[in-house]
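Scroll down for the structure; my scribbles are underneath it.
This is the structure we're talking about:
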């Protein structure tokens, strides 16, 4: 598999982990926030794992929460946030290590239409303003239709849509 001209299929586990930690952010199907941590503390987790220097940059976490419209929710726990707010925390967390791309599994799957539109606007802004590439893994054809490029998987083969 080539990413940016680099054959990552030749990487050993440590090198592949380091590459993922540096270059790729992840958003899971559900926000997957730790309930005992505040929004800010949930953002600090990615910096504590992986190879190299481990950092927990609180100022950066606050900046990202502000970027996704949650500067007033920094000290809130997941149970105090709506589904859309939890999703925004997950987006900010995926950005914490400065990835060039984010893999987002069903990023709006559990949201109502209005909140889905807000989240999609946020993705578009992050793509345009911060040059982050988003790869959506989704069954939602409406969501997929908003992407610059679409590929579909059928019988284990990716094809241009």
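Numbering (full-length UniProt numbering), first residue to last: 1 to 161. Yeah, the Cβ is synthetic: ideal placement off N, Cα and C, and Gly gets one too.
The region 20-27 and the region 86-104 touch, with no fewer than 3 CB-CB distances between them shorter than 8 Å.
Put simply, of 161, 106, 84 the residue whose alpha carbon is nearest the alpha carbon of residue 140 is 106. Taking C-beta atoms under 8 Å as the contact rule, residue 93 and residue 35 fail to qualify, at a distance of about 14 Å.
When secondary structure is reduced to three states using DSSP, residue 160 falls in the strand class. If you draw a straight line from the Cα of residue 1 to the Cα of residue 157, it comes to about 14 Å. According to the DSSP assignment, residue 1 belongs to no beta strand (DSSP E), since it is labelled neither H nor E. The beta carbon of residue 59 sits closer than 6 Å to no other beta carbon from its chain once the five residues preceding and following it are set aside. Residue pairing by DSSP places residue 133 opposite 101 in a beta bridge. A distance below 7 Å between beta-carbons, with the five flanking residues on each side excluded, links residue 117 to no residue of its chain. Ranked by how close their Cα comes to the Cα of residue 129, the residues 135, 136, 121 have 121 in first place.
Per the DSSP secondary-structure output, residue 25 pairs in a beta bridge with 102.
When the Cα atoms are used, residue 13 and residue 74 turn out to be separated by approximately 35 Å. Under the three-state reduction of DSSP, residue 89 is assigned to helix.
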